[in-house]
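Peer 1: Protein chains in written order, with the numbering used here: chain A, 1 to 367; chain B, 1001 to 1306.
Virtual Cβ for every residue (Gly too), placed ideally from N, Cα, C.
I have a structure here, written as structure tokens, and I will follow up with some questions on it.
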Amino acid sequence: MKRFSGFLLKEFLHIIRDTRTMLILFLIPIFQILIFGYVIKNEVKDAKIGIIDMSHDNVTEEITARLDAAVDFNVVREYRNYEEAESGFRANEIKAVVVFADNFANDLGKYRSADVQILLDASDPNLANLINSYISVILNKYSHEKIQTGTPALVSTEPRMWFNENLHSAYMFVPGTMALILMLITALMSSISIAREKENGTMEILLVSPLKPIQIILGKLTPYAVLSIVNVISILVIGNVVFGVPVNGSWVLLLLSSFLFILLALSLGLLVSTVVKTQQTAMFISILGLMLPTMLLSGFIFPIENMPVILQYLSYIVPAKYFLIIIKSIMLKGLGLDYIINEVLILISITVGLIALSVLKFKTRLE
Amino acid sequence: MAEIEINNLYKSYGDVKALDNVCLSVEKNGFCGLIGPDGAGKTTLMRVITSLLVPDSGEISIGGLDPIKEYKKLRLKLGYMPGKFSLYQDLSVEENLRFFAGVFGTSIKENYHLIKNIYSHIEPFKNRRAGKLSGGMKQKLALSCALIHKPEILILDEPTTGVDAVSRREFWEMLGEIRNYGITILVSTPYMEEAVLCDQVSLLFDGKVVESGTPKQIVERFSSTIFAVKTVNIPASLKVLRNMEDAKSVNSFGQNIHVVFNDGNHSVEQITNYLIKNNITDAKVSIINAGIEDCFIDYIIRQNKN
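What follows is the structure, encoded as structure tokens:
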């Protein structure tokens, strides 16, 4: 035990004395979450839109006023015709144009429906889609109200976004960033720290000492496990205070499942370190092999359902996918263990398998 | 049985024979020097002895233990200082020492007497990071760390490579003192002149042990006469002497040139006259005793001829 505690102390000293490591451990997570939070936005706020109103009656004017009043939009201009609107698009004055047909109010009265056209700048397809659905929501809401007051109205469909009523992108990226950061810190840093011992030749001395392989492994991994827990808590706090992401379920369950994911990432880092000889290769493998899949194939940024079939199958072996399901269920849906037991079991078995494999592969000699 | 007993040891990396039928025997409390140029197989041999590498074949017993099967027990008895400076550069002198003491389940206090003479040189800098020490001090720290757990066998891989001449001398004096604690020492070095300080040496070349015995024995086996030529104009003298009839080897050793002939019909006067005839007038020629390096060069020349 004395041997182990000495080893642990040494590891903490390595981390504290290396400025680069400290930066990666504590500044990058905060930066990453703020960057994801403020820069990469999947929501519409104050989008500039234009209007072509061929009818100019009380109905079209009321709808225009409603669009302008919504926080999502800002009606900046009214165009007389399509040509004018097109030059508006080209000058980047607007992102969308809502066109009301001639005799709008009359048609609505006569045929109980009237034509609205939405023109969108699809050079940014995601944004165009979002604006389209936002405008539709406002139109539908209007017609819905008119039906209730007995006035004839447009056809009504009403989507409602459950669990994320306002489509806040923070709800998406806080869990995603957490998976990414945990993968980065635990797997990358631990594999680098073991590779460093090999590169500096100190592994040679450690091997020719009475330290057992399991003591070397645990001594290397424990500091990163502790620091990752600190990171999990700070990410959740920033997510909650700055971006208003709630934790609807149990905190204990959330922390325990995060710890499970940390263990998994650590065992991945350990496995990487058993096959590499230098810090450079460790970093290369960790970033390409672990971080990119976590970012791209976990459903963090791109929905898994929209991927080519082969990538969908590949996503089954990306642990972050299960972790995201688990923490989104706990944080956003407030679900308990019984709803996520399958994902938890999958993560546990991956972890156990990886640890067993790494311990087997850990060499007690130089070759 | 001897403390280090190795018979017919082989180890290859692919086609390269790193160890080729190596035999070595060091008694308890012996002080053995492993001499050879870079790539002779010194490090490989030491790694096999410290159980870090598994040999292809051969018998090996270190401290009565088999490094392949009983490596766990063996590692408790060993002190090992690898060729590269391999301590933690970001830890202080004292932290390094405490760590290595801790890893072996002992403390600095318990075995301080063992390292006192060595550590006292660097103790004034005990709060300095190891990476900021000079080469000589790094070696002293590395030796202290290898000794702090009172090993029975100390394996040192080129401890004085890259260290200044004064520190090297000090280092070898320290090794002599360590022997007083009954520790068996195996040390490798590419510097031939250091070998005379050991009580037995083995010359390693191309993975083979080409000579072994006490430094005195090895030198006595050398039969030819060696003429030392002292001159300021070494490059020109080398060229002139190499053109001499019968010259077997002509090599510079510091400020001297050592000349060996194929037969014994040469004298100091004859060589002096020959040099004067070739416009080298300041040369002082004398007959000297062979050093380990002369034996080594002699062996390599014989190898090349065969």
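#1: Leaving out the 5 sequence neighbours to the left and right, which residues in its chain are closer than 8 Å to PRO246 of chain A when beta-carbon positions are compared?
#2: In angstroms, rounded to a whole number, what distance separates the CA positions of GLY1036 of chain B and PRO1190 of chain B?
#3: Using a C-beta cutoff of 8 Å, does THR222 of chain A count as contacting chain B?
#4: Report the residue from A:HIS14, A:ASN231, A:GLY176 whose alpha carbon sits nearest the alpha carbon of GLN1089 of chain B.
#5: With distances taken from CA atoms, which of B:GLU1211, B:ARG1242, B:ASN1021 is nearest ILE1300 of chain B?
#6: Below 8 Å on C-beta distance, what does PRO1082 of chain B contact in chain A?
#7: Between the alpha carbons of GLN215 of chain A and LEU335 of chain A, how many angstroms are there, rounded?
#8: Can you list the residues of chain A that SER1066 of chain B reaches, using a CB-CB cut of under 7 Å?
#9: What are the partner residues of LYS1017 of chain B, as DSSP defines its beta bridges?
#10: How should ALA1142 of chain B be labelled, buried or exposed, when 16 other C-beta atoms within 10 angstroms of its C-beta is the threshold for buried?
#11: Since ASP1090 of chain B meets chain A, which of its residues come closer than 9 Å, beta carbon to beta carbon?
#12: With three or more C-beta pairs closer than 8 Å as the rule, is the stretch 274 to 293 of chain A touching the stretch 1009 to 1017 of chain B?
#13: Report the three-state DSSP secondary structure of SER1120 of chain B (helix, strand or coil).
#14: How should GLN1200 of chain B be labelled, buried or exposed, when 16 other C-beta atoms within 10 angstroms of its C-beta is the threshold for buried?
#15: Which word fits SER87 of chain A, buried or exposed, when buried means at least 16 other C-beta atoms lie within 10 angstroms of its C-beta?
#16: Taking buried to mean at least 16 other C-beta atoms within 10 Å of its own C-beta, is LEU256 of chain A buried or exposed?
#17: Is it buried or exposed for GLN1139 of chain B, if we count other Cβ within 10 angstroms and need 16 for buried?
#18: Looking at chain A, is there any beta carbon in it that lies within less than 8 Å of the beta carbon of ARG1128 of chain B?
#19: Expressed to the nearest angstrom, what Euclidean distance is found between the alpha-carbon atoms of LYS48 of chain A and SER55 of chain A?
#20: Helix, strand or coil, according to DSSP, for ARG1242 of chain B in the structure here?
#21: Mind listing the chain B neighbours of VAL208 of chain A? Cutoff is C-beta to C-beta under 8 Å, in chain order.
#22: In terms of alpha-carbon separation, which member of B:HIS1121, B:GLN1255, B:ILE1280, B:PHE1261 lies closest to MET1336 of chain B?
#23: When the Cα atoms are used, what is the spatial distance from PHE1031 of chain B to CYS1198 of chain B?
#24: Following the continuous alpha helix (DSSP H) through GLY109 of chain A, name the residue where it begins and the one where it ends.
#25: Could you spell out where the alpha helix (DSSP H) holding PHE7 of chain A opens and where it closes?
#26: Taking C-alpha atoms, which residue in B:LEU1019, B:SER1025, B:ASP1020 lies nearest to GLU1003 of chain B?
#27: Using DSSP bridges, identify the partner residues of GLU1005 of chain B.
#28: Using a C-beta cutoff of 8 Å, does ARG90 of chain A count as contacting chain B?
#29: Check this for me: beta carbons of LYS361 of chain A and THR222 of chain A, under 8 Å apart or not?
#30: Rounded to whole angstroms, what is the Cα-Cα separation between ALA122 of chain A and LEU254 of chain A?
#31: Does the stretch 1223 to 1230 of chain B come into contact with the stretch 1271 to 1283 of chain B, if we say contact requires no fewer than three beta-carbon pairs (one atom in each stretch) closer than 8 Å?
#32: Using 10 angstroms around the beta-carbon of LYS10 of chain A, count the other beta-carbons present and answer buried if the total reaches 16, otherwise exposed.
#33: Are the beta-carbon atoms belonging to ASN132 of chain A and ILE118 of chain A less than 8 Å from one another?
#34: Taking Cβ positions, are ALA265 of chain A and MET183 of chain A nearer each other than 8 Å?
#35: Quick one, which of A:GLY176, A:ALA187, A:VAL276, A:ILE181 has its alpha-carbon nearest LEU27 of chain A's?
#36: Rounded to a whole number of angstroms, what is the C-alpha to C-alpha distance between LYS432 of chain A and ASN231 of chain A?
Peer 2: Walking through what the data contain:
#1: As a first step, residue 246 of chain A must be located in the first sequence, where it is residue number 246. Correct list, in chain order: ASN240, MET331, LEU332.
#2: By one-based count along the second sequence, residue 1036 of chain B stands at place 36. By one-based count along the second sequence, residue 1190 of chain B stands at place 190. The alpha-carbon atoms of GLY1036 of chain B and PRO1190 of chain B are separated by roughly 5 Å.
#3: Position 222 of the first sequence holds residue 222 of chain A. No, its Cβ sits nowhere closer than 8 Å to a Cβ of chain B.
#4: Numbered from 1 along the second sequence, position 89 holds the residue referred to as residue 1089 of chain B. Comparing Cα-Cα distances from GLN1089 of chain B to each of A:HIS14, A:ASN231, A:GLY176, the minimum goes to A:HIS14.
#5: Taking the second sequence and counting its residues from 1, one reaches residue 1300 of chain B at position 300. The shortest Cα separation from ILE1300 of chain B among B:GLU1211, B:ARG1242, B:ASN1021 belongs to B:GLU1211.
#6: In the second sequence, the residue the question calls residue 1082 of chain B occupies position 82. Correct list: GLY201, GLU204, ILE205.
#7: Along the first sequence, read from residue 1 onward, the residue named residue 215 of chain A stands at position 215. Along the first sequence, read from residue 1 onward, the residue named residue 335 of chain A stands at position 335. If you take the alpha carbons of GLN215 of chain A and LEU335 of chain A, they lie about 38 Å apart.
#8: The residue labelled residue 1066 of chain B in the question sits at position 66 within the second sequence. Here residue 1066 of chain B turns out to be Asp, not Ser, going by the sequence shown. Here the premise fails: no neighbours, minimum Cβ distance about 14 Å.
#9: Translated into positions along the second sequence, residue 1017 of chain B becomes position 17. When DSSP reads this structure, LYS1017 of chain B sits in a beta bridge with B:SER1012.
#10: Within the second sequence, the letter at position 142 stands for residue 1142 of chain B. The residue is buried, with at least 16 neighbouring Cβ atoms inside 10 Å.
#11: As a first step, residue 1090 of chain B is located in the second sequence; it is residue number 90 there, counting from the start. The contacting residues are LEU13, HIS14, ARG17, ASP18.
#12: Under the Cβ criterion (8 Å, minimum of three pairs), the stretch 1009 to 1017 of chain B does not count as touching the stretch 274 to 293 of chain A.
#13: The residue you call residue 1120 of chain B lines up with position 120 of the second sequence. The answer is helix: DSSP assigns SER1120 of chain B an H, G or I state.
#14: Here residue 1200 of chain B corresponds to residue number 200 of the second sequence, with the count starting at 1. Flag for GLN1200 of chain B reads buried.
#15: Within the first sequence, numbered from 1, the residue matching residue 87 of chain A stands at position 87. Classification for SER87 of chain A: exposed.
#16: Counted from its first residue, the first sequence places residue 256 of chain A at position 256. Classification of LEU256 of chain A: exposed, given that the 10 Å Cβ count is below 16.
#17: On the second sequence, residue 1139 of chain B is found 139 positions in, with the first residue counted as 1. It counts as buried.
#18: Translated into the one-based positions of the second sequence, residue 1128 of chain B becomes position 128. Output row for ARG1128 of chain B: interface = no.
#19: Stepping through the first sequence from its first residue, residue 48 of chain A is reached at position 48. Stepping through the first sequence from its first residue, residue 55 of chain A is reached at position 55. The straight-line gap from Cα to Cα measures roughly 22 Å.
#20: In the second sequence, residue 1242 of chain B corresponds to position 242, counting from 1. In the structure shown, ARG1242 of chain B sits in a helix (DSSP, three-state: H, G or I).
#21: Position 208 of the first sequence, counted from the start, is the residue given in the question as residue 208 of chain A. Ordered by position in chain B, the residues that pass the 8 Å Cβ test against VAL208 of chain A are THR1050, SER1051, LEU1052, ARG1075, LEU1078, TYR1080.
#22: Here chain B comprises residues numbered 1001 to 1306, so residue 1336 of chain B is not present and cannot be evaluated.
#23: Along the second sequence, one-based indexing puts residue 1031 of chain B at 31. Along the second sequence, one-based indexing puts residue 1198 of chain B at 198. Going by the C-alpha atoms only, they are around 6 Å apart.
#24: By one-based count along the first sequence, residue 109 of chain A stands at place 109. It spans 104 to 111 - the alpha helix (DSSP H) in which GLY109 of chain A sits, taken as one unbroken run.
#25: Here the question's residue 7 of chain A lines up with position 7 in the first sequence. Here the alpha helix (DSSP H) through PHE7 of chain A covers 2 to 17.
#26: Taking the first residue of the second sequence as 1, we reach residue 1003 of chain B at position 3. The shortest Cα separation from GLU1003 of chain B among B:LEU1019, B:SER1025, B:ASP1020 belongs to B:SER1025.
#27: Position 5 of the second sequence holds residue 1005 of chain B. According to DSSP, GLU1005 of chain B bridges with B:SER1025, B:SER1061.
#28: One-based indexing of the first sequence puts residue 90 of chain A at position 90. No, its Cβ sits nowhere closer than 8 Å to a Cβ of chain B.
#29: Here residue 361 of chain A is taken as the residue at index 361 of the first sequence, counted from 1. Here residue 222 of chain A is taken as the residue at index 222 of the first sequence, counted from 1. No, these two residues do not count as a Cβ contact at 8 Å.
#30: The residue given as residue 122 of chain A occupies position 122 in the first sequence. The residue given as residue 254 of chain A occupies position 254 in the first sequence. About 39 Å.
#31: yes
#32: Taking the first residue of the first sequence as position 1, residue 10 of chain A is located at position 10. Flag for LYS10 of chain A reads buried.
#33: Against the first sequence, residue 132 of chain A aligns to sequence position 132. Against the first sequence, residue 118 of chain A aligns to sequence position 118. In this structure, ILE118 of chain A lies closer than 8 Å to ASN132 of chain A by Cβ.
#34: Within the first sequence, residue 265 of chain A is the residue found at index 265, counting from 1. Within the first sequence, residue 183 of chain A is the residue found at index 183, counting from 1. Closer than 8 Å, so yes.
#35: Here residue 27 of chain A is taken as the residue at index 27 of the first sequence, counted from 1. Considering only alpha carbons, the answer is A:ILE181.
#36: Because chain A spans 1 through 367 in this model, residue 432 of chain A falls outside it and cannot be assessed.
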